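S.K.: Can you keep this structure in mind? I'll have questions shortly.
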Amino acid sequence: MNDYSYPEQGASRTGDLPPGYRHLRHQALIGRGRPALEVAGAALLGWRMHRLAGVRIDAEAEQAAPGVAVRCAIGIGPLRAGAPNRVLDTVEGPDRYGFTYGTRHRHLARGEETFLVELGPDDGVRFTVTAFSRPVVWWARLAGPLLPLAQRAFARHCGRVLTRIAADAR
Numbered sequence: 525m526n527d528y529s530y531p532e533q534g535a536s537r538t539g540d541l542p543p544g545y546r547h548l549r550h551q552a553l554i555g556r557g558r559p560a561l562e563v564a565g566a567a568l569l570g571w572r573m574h575r576l577a578g579v580r581i582d583a584e585a586e587q588a589a590p591g592v593a594v595r596c597a598i599g600i601g602p603l604r605a606g607a608p609n610r611v612l613d614t615v616e617g618p619d620r621y622g623f624t625y626g627t628r629h630r631h632l633a634r635g636e637e638t639f640l641v642e643l644g645p646d647d648g649v650r651f652t653v654t655a656f657s658r659p660v661v662w663w664a665r666l667a668g669p670l671l672p673l674a675q676r677a678f679a680r681h682c683g684r685v686l687t688r689i690a691a692d693a694r
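So the sequence shown is numbered by this note's numbering: it starts at 525 and just counts up by one.
Structure (structure tokens):
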């Protein structure tokens, strides 16, 4: 089903981010070696990274896969903001794991994010977030530069979460 709320589907996978959106590119070294890659990849594809980062996940499947609808929610009680997304694409090995999901209608923003862990030639495992978005609801537009700051802080937090997860692979 194609119920995405934006036309530039797949742009965060290619890195050719479209104009008219705020762009995010974040990368962090989270570990070393294939065991760290595999543990981090499983945590990413199985929603564990998001959950440990404080996101409530309600997904149609236990693992990210193309077409899976997923509702992410951040906050507490009545201050919890829900965000309907759909997985556009996944990558599963041998040296890269990750997924791209895009916003669906009724999301507070338009755009997509790609989350990726990959094993480099130096044996380093890197976590990358590439995203583009723009707010669509009035109160999100009113927040101005606070939303991109929060998105960048969340990407860094996810990197720290995956670093702890990858450390368990030793």
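No residue lacks a Cβ here, since even glycine has one placed at the ideal position from N, Cα and C. All values derive from a computational prediction rather than experimental measurement.
Please report the residue range of the alpha helix (DSSP H) in which R537 lies.
M.R.: Here the alpha helix (DSSP H) through R537 covers A535 to T538.
S.K.: Rounded to a whole number of angstroms, what is the C-alpha to C-alpha distance between R665 and Q675?
M.R.: Approximately 14 Å between the Cα atoms of the pair.
S.K.: Between F656 and L568, how many whole angstroms is the CB-CB distance? I'm expecting something under 8 Å.
M.R.: With a Cβ gap of about 20 Å, F656 and L568 do not count as contacting.
S.K.: Starting from Y545, follow its DSSP beta bridges and name the residues at the other end.
M.R.: Note: Y545 sits in no beta bridge, so no partner.
S.K.: Measuring CB to CB, does V653 end up less than 9 Å from Q551?
M.R.: In this structure, Q551 lies closer than 9 Å to V653 by Cβ.
S.K.: How many angstroms separate the CA atom of W571 from the CA atom of G578?
M.R.: Looking at the two C-alpha atoms, the distance is approximately 11 Å.
S.K.: Quick one: using the 10 Å Cβ neighbour count with 16 as the cut-off for buried, is D613 buried or exposed?
M.R.: Result: buried.
S.K.: For A691, which three-state DSSP category applies?
M.R.: Residue state, collapsed to three classes: helix.
S.K.: For R630, I'd like the list of residues in its chain whose CB is within less than 7 Å of its CB, leaving aside the five on either flank, ordered along the chain.
M.R.: Result list for R630: P608, in chain order.
S.K.: Look at the alpha carbon of R628 and the alpha carbon of P559, and state the distance between them as a whole number of angstroms.
M.R.: Their backbone Cα atoms lie some 34 Å apart in a straight line.
S.K.: Taking C-alpha atoms, which residue in G683, G635 and G668 lies nearest to Q533?
M.R.: The candidate whose alpha carbon is nearest that of Q533 is G635.
S.K.: Among G544, T687, Y625 and F651, which has the Cα closest to the Cα of R610?
M.R.: Cα-wise, what sits closest to R610 is Y625.
S.K.: Taking 8 Å as the cut-off, is the CB of A664 close to at least one heavy atom of the ligand PLP?
M.R.: Questions concerning the ligand PLP fall outside what the structure shown contains, since it holds no ligand whatsoever.
S.K.: What would DSSP say about G683, mapped onto helix, strand or coil?
M.R.: DSSP places G683 in helix when its eight states are reduced to three.
S.K.: Closer than 9 Å, CB to CB, is C682 near chain B or not?
M.R.: Here there is only one protein chain, and chain B is not present.
S.K.: In three-state DSSP terms, what is V750?
M.R.: The structure shown has nothing for residue 750, since the chain only spans 525 to 694.
S.K.: Taking 9 Å as the threshold (C-beta atoms), are A566 and D582 in contact?
M.R.: Not a contact, by the Cβ cut-off of 9 Å.
S.K.: What whole-angstrom Cβ distance do G555 and A691 have, given they're in contact under 8 Å?
M.R.: Yes, they are in contact, since the Cβ atoms of G555 and A691 sit about 7 Å apart, within 8 Å.
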